[in-house]
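Working notes for the structure below.
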Amino acid sequence: MAAAPQGAKAGIGTPLFREEPGMLTEAQKAEYERVGAIVVPDVLSPAELAELRRVTDSFVERARQVAAHDAIYDLEDSHTPAMPRVRRIKSPHLHDPAYAALVNHPKIVAVLQDLWGPDIRFDTAKLNMKSAGFGAAVEWHQDWAFYPHTNDDLAAVGVMMDDMEPANGPLLIIPGSHKGPVHDHHAEGRFCGAMD
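Under the working numbering, the first residue of the sequence shown is numbered -11, with each subsequent residue one higher.
Shown next, in the form of structure tokens:
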């Protein structure tokens, strides 16, 4: 496979190119098909994770200068310059080279291509800051409801930069829920981003 052009930034619909050999075992592929999610440890090196943490901390530090939601930040209601509380960083790959590199990371691309073959495309990126001790609750939902498509070969790739433990609100999934049905995420006729 050809490599992406040097310094290219990923955007919506950008093809991703494999540079690594297969990353998944047959057992991992079967687990993904059965459960709808897999954990692939050690895809990023400790140095890569440290750099992403440093960059993320700098995003949060710069949020001290932001008073309301903008093109980069969604803020918690309790956000202040003295106590920056960021809910989401939008499109970090457009604002920092470390995240631009992450969305084209050869090992992440290899995992996705192991699941679906060579024809994959990047769509969007965001950092959901699931900070313990504050922040809006994230209700039970299906990701597909937020990004409706006419097919179901859509994946959310999560890079956990902190350990997931009960105290910091870990990601939970319902095994097999990717096979349907797609539940209604509306209340009183409006999209609410949650299901009953």
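The beta-carbon is built from N, C-alpha and C at its ideal position, and this holds for glycine as well.
- Excluding the 5 residues flanking it on each side, G181 has same chain C-beta neighbours closer than 8 Å at E127, H129, A133, F134, H173, in chain order.
- Looking only at T68, P72, D58, D102, the smallest Cα-Cα distance to A18 is reached by D102.
- Under the three-state reduction of DSSP output, H81 falls in the helix class.
- Secondary structure note for D62: its beta strand (DSSP E) is the uninterrupted segment 61 to 63.
- Minimum Cα-Cα distance from A125 among the listed residues D65, D151, V28 corresponds to D65.
- Of the residues D84, A88, Y87, H57, the one whose Cα lies closest to the Cα of R73 is H57.
- Just measuring C-alpha positions, the residue of K95, I108, L160 sitting nearest K118 is L160.
- In the three-state DSSP reduction, R109 falls in the strand class (E or B).
- Taking every protein chain shown into account, the CB of V170 has fewer than 16 other CB atoms within 10 angstroms, so this residue is exposed.
- By a beta-carbon distance limit of 8 Å, A113 contacts V91. Their separation comes to about 6 Å.
- The residues G24, Q130, in chain order, have a CB closer than 8 Å to that of S165 in the same chain once the five nearest residues on each side in sequence are set aside.
- In the three-state DSSP reduction, F47 falls in the helix class (H, G or I).
- When rounded, the separation of the alpha-carbon atoms in G105 and V27 is 19 Å.
- Of the other Cβ atoms in all chains shown, 16 or more fall within 10 Å of the Cβ of A51; this residue is therefore buried.
- Rounded to whole angstroms, the gap between the alpha carbons of N116 and R75 is 6 Å.
- Apart from sequence neighbours up to five positions away, the residues of its chain that approach E49 with a beta-carbon distance below 8 Å are P72, ordered along the chain.
- Taking each of M11, R22, Q16 in turn and checking the Cα distance to P163, the smallest one comes out for R22.
- Measuring C-alpha to C-alpha distances from A89 to each of P34, E14, G168, E39 identifies E39 as the nearest.
- At least 8 Å separates the beta-carbon of L63 from that of M149.
- Taking A59 as the centre and dropping the five residues before and after it, the same chain places no C-beta closer than 6 Å to its C-beta.
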